[in-house]
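Below is one structure, written out as structure tokens, with a few remarks after it.
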Amino acid sequence: MFFVTNTVAAHVDDYSHSTKMLFKFSTVLFAATIATFLFAGQTNAVADNDVDACNGSNHYDVGHDCAFGESQGTCQLNSCQVLVCVPNAN
Numbered sequence: 002m003f004f005v006t007n008t009v010a011a012h013v014d015d016y017s018h019s020t021k022m023l024f025k026f027s028t029v030l031f032a033a034t035i036a037t038f039l040f041a042g043q044t045n046a047v048a049d050n051d052v053d054a055c056n057g058s059n060h061y062d063v064g065h066d067c068a069f070g071e072s073q074g075t076c077q078l079n080s081c082q083v084l085v086c087v088p089n090a091n
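Counting from 1, position 43 in the sequence shown corresponds to residue 44 in my numbering; the numbering is continuous, with no gaps.
So this is what it looks like as structure tokens:
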């Protein structure tokens, strides 16, 4: 009887260990999924024009990276002191 009790207890411990490992794996997977969605939301949106690339909902300052259409550049003040996205020289 003692042998049977120890064998059953060993199987229960194995099940408990497997359950703990599965819980750890699912927790790590969940955290990685959440982090992916959080970082994906921080990508730069591409604006329709050079003014919206630095203004509108972006509220960037001079020197901030910006993008519009197929161009990428930095926000600069034009001759009228309007903040616009000036494309990088290629």
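From the three backbone atoms N, C-alpha and C, an ideal C-beta is built for every residue, glycine too.
Inset, instruction - Would you mind sorting Ala90 into buried or exposed? The rule is 16 or more other CB atoms within 10 Å of its CB. - result: Taking every protein chain shown into account, the CB of Ala90 has fewer than 16 other CB atoms within 10 angstroms, so this residue is exposed.
Legend entry - Run of the beta strand (DSSP E) containing Ala68, from where it starts to where it stops: 66-69
Inset, instruction - Please work out which residues of its chain come closer than 7 Å, Cβ to Cβ, to Cys67, disregarding the five sequence neighbours upstream and downstream, and give them in chain order. - result: These residues qualify, in order along the chain: Ala54, Cys55, Tyr61, Gly74, Thr75, Cys76, Cys86.
Legend entry - Extent of the continuous beta strand (DSSP E) to which Gln73 belongs: 72-78
Inset, instruction - To the nearest angstrom, report how far apart Gln43 and Asp49 are at their CA atoms. - result: At Gln43, the pLDDT of 49 sits below 50, so the modelled position is not reliable and the matter cannot be decided from this model.
Inset, instruction - Please determine, among Phe69, Phe24, Phe26, the residue with the shortest C-alpha to C-alpha distance to Val52. - result: Phe69
Inset, instruction - Take the Cβ of Leu84 as the centre, count every other Cβ of all protein chains shown within 10 Å, and call the residue buried at 16 or more, exposed below. - result: If you draw a 10 Å sphere on the C-beta of Leu84, you find 16 or more other C-beta atoms in it, and that means buried.
Inset, instruction - Give the DSSP-derived three-state secondary structure of Ala48 in the structure shown. - result: Here DSSP, grouped into helix, strand and coil, assigns Ala48 to strand.
Inset, instruction - Using three-state DSSP, classify Val63 as helix, strand or coil. - result: coil
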